[in-house]
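In my numbering, the protein residues as written are 5 to 221.
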Ligand SMILES: C[S@@+](CC[C@H](N)C(=O)[O-])C[C@H]1O[C@@H](n2cnc3c(N)ncnc32)[C@H](O)[C@@H]1O
């Protein structure tokens, strides 16, 4: 059982996590022209907080995570929300709606065959040591002109994680943007979308979260 399997049942009980996910979802809505014909992948979805907020404006969403614990909670939420994977008539066209959870680690698993018009990910990239590999996988999984939205921590001094942590201490925006460009993304934009405040040695400390929006060329 990994760290996220252990945290899964209580994940949504912290209001800051819900507020953070909803704020990021709102910023994605303003940055990307969403539509019910758009298929999307949320990577590192956890309990699906971002996707539940975006779902009314999107077509089918695949929610991927490596944690079975997170996916178990997510499946319960999808069932409780009565979200169906059906085709729905909309303006005389048909589109596929619904949410499908999958266990997936793009660093170790083969690339899935599906392609998406939108990929979004919140606070997951800093857990993945090989940034170039995950950006390349996102690029390959997107349709031509598809959008990538990455929300994550700005570079920090290591005090964000209270437990032992071996991932990235946030990201330098210029460096991450350059890596995304190298992979083939274009129209790369960064903005600050949220501020996490944490008590560090008795002092309240600010940890900004950026949103990088990029498009497949
Ligand atoms: C900090 S949590 C964020 C969860 C969710 N995005 C949210 O904001 O509520 C990071 C998530 O990324 C997942 N994760 C970490 N490494 C992963 C990997 N290599 N592949 C897929 N998911 C991963 C974890 O299981 C966890 O659910």
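By construction, the Cβ of each residue, glycine as well, lies at the ideal position given by its N, Cα and C atoms. These figures come from a predicted structure and were not determined experimentally.
- If only complete runs of 3 or more residues are kept, the stretch 185 to 218 shows the beta strand (DSSP E) at 189 to 204, in order along the chain.
- Taking the Cα positions, residue 109 is about 9 Å away from residue 47.
- Between residue 220 and residue 188, the C-beta gap is smaller than 8 Å, which places the two residues in contact.
- Remark: the shortest separation between the CB of residue 47 and any heavy atom of ligand 1 falls under 7 Å.
- Under the three-state reduction of DSSP output, residue 104 falls in the strand class.
- The DSSP assignment places complete beta strand (DSSP E) segments of no fewer than 3 residues inside the stretch 101 to 173 at 103 to 107, 120 to 126, 146 to 157, in order along the chain.
- In its chain, beyond the 5 residues on either side, 38 have a beta carbon closer than 6 Å to the beta carbon of residue 61.
- In the DSSP assignment, residue 67 falls within the beta strand (DSSP E) that extends over 65 to 69.
- With a cutoff of 7 Å, residue 142 does not count as near ligand 1, since its C-beta is closer than that to no heavy atom of the ligand.
- Annotation: residue 186 to residue 114 spans about 22 Å, alpha carbon to alpha carbon.
- Distance from the C-beta of residue 111 to the nearest heavy atom of ligand 1 is below 7 Å.
- Residue 220 carries a strand assignment under DSSP once its states are collapsed to helix, strand and coil.
- In the DSSP assignment, residue 53 falls within the unbroken alpha helix (DSSP H) covering 53 to 58.
- When beta bridges are read from the DSSP output, residue 45 appears opposite 66, 123.
- The residues 201, in chain order, have a CB closer than 7 Å to that of residue 208 in the same chain once the five nearest residues on each side in sequence are set aside.
- Just measuring C-alpha positions, the residue of 198, 111, 66, 205 sitting nearest residue 211 is 198.
- Taking a cut-off of 8 Å on C-beta distances, the stretch 118 to 126 does not touch the stretch 157 to 170, as fewer than three cross pairs fall below it.
- For the pair of segments examined, the stretch 120 to 137 was found to touch the stretch 171 to 181: the number of CB pairs separated by less than 8 Å reaches three.
- As computed with DSSP, residue 175 is found in a beta bridge with 158.
- Counting only residues of its own chain and dropping the five nearest sequence neighbours on each side, residue 152 has a CB closer than 6 Å to the CB of 123, 142, 218.
- Rounded to the nearest whole angstrom, the CA to CA distance from residue 58 to residue 6 is 28 Å.
- For residue 73, the enclosing alpha helix (DSSP H) starts and ends at 72 to 84.
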